[in-house]
Amino acid sequence: MNAQMRQVLFQSSGGFAALVLRVPVGLILAAHGAQKLFGWFGGYGLEGTANWLASIGLEPGYLMALLAGGAEFFGGLALVFGLLTRPAALIAAFTMLVAIFSVHIGNGLFMSNNGYEYALTLFVVSLALAIQGSGRFALDSVLLKKV
Numbered sequence: 053m054n055a056q057m058r059q060v061l062f063q064s065s066g067g068f069a070a071l072v073l074r075v076p077v078g079l080i081l082a083a084h085g086a087q088k089l090f091g092w093f094g095g096y097g098l099e100g101t102a103n104w105l106a107s108i109g110l111e112p113g114y115l116m117a118l119l120a121g122g123a124e125f126f127g128g129l130a131l132v133f134g135l136l137t138r139p140a141a142l143i144a145a146f147t148m149l150v151a152i153f154s155v156h157i158g159n160g161l162f163m164s165n166n167g168y169e170y171a172l173t174l175f176v177v178s179l180a181l182a183i184q185g186s187g188r189f190a191l192d193s194v195l196l197k198k199v
């Protein structure tokens, strides 16, 4: 991997703030992904999620469930550890945009009405991490020094 690509992927001027954003948001995303993929934490699992996604017009439901669940679960874990933070955060941000516009936008802002405020918050934090990177306290920093 060339030096310019390493800088784009791994360099970050963030410090503790990136860590404070990465870990809880990563855990939340991973938990939501686990609901979709494995049925953990009261989720419906892959089949139930696939059926629901197909019912709202996101077809093929099984593929969409795999993509959404995988983005949230594996992207969330990547954020927790600060591993490939920028790509993981971009994928998470895109996933939240899809959730906002395909599920929540018609319900208004507030979560009490199944609105988009929560997905918007996750989108904004993910976007901030994609811009700033993982911070000093992440595997990305270790990889930058070693690669």
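Residues in the sequence shown are numbered from 53 upward in steps of one, following the numbering used here. All C-beta atoms in this analysis are idealised placements derived from N, C-alpha and C, irrespective of residue type, glycine included.
Query raised in the report: Roughly how many whole angstroms lie between the Cα atoms of residue 72 and residue 198?
Result: Your numbering for residue 72 matches position 20 in the sequence shown. Your numbering for residue 198 matches position 146 in the sequence shown. Using only the alpha carbons, I get a separation of about 24 Å.
Requested in this report: Would you give the residue range spanned by the alpha helix (DSSP H) that residue 57 belongs to?
Outcome: For the purposes of this step, residue 57 is taken as residue 5 along the sequence shown, with counting starting at 1. That run of the alpha helix (DSSP H) goes 55-62.
Requested in this report: Note the first and the last residue of the continuous alpha helix (DSSP H) segment covering residue 139.
Outcome: What you label residue 139 is simply residue 87 of the sequence shown in a count that begins at 1. Start and end: 137-151.
Query raised in the report: What is the rounded straight-line gap between the Cα of residue 135 and the Cα of residue 78?
Result: The residue you call residue 135 lines up with position 83 of the sequence shown. The residue you call residue 78 lines up with position 26 of the sequence shown. Whole-angstrom Cα-Cα distance: 11 Å.
Query raised in the report: Counting pairs of beta carbons, one from the region 143-161 and one from the region 171-178, are three or more of them closer than 8 Å?
Result: yes
Query raised in the report: What residue range is occupied by the uninterrupted alpha helix (DSSP H) comprising residue 190?
Result: Residue numbering aside, residue 190 sits at position 138 when the sequence shown is read from its first letter. Neither: residue 190 is in no alpha helix (DSSP H) and is coded neither H nor E.
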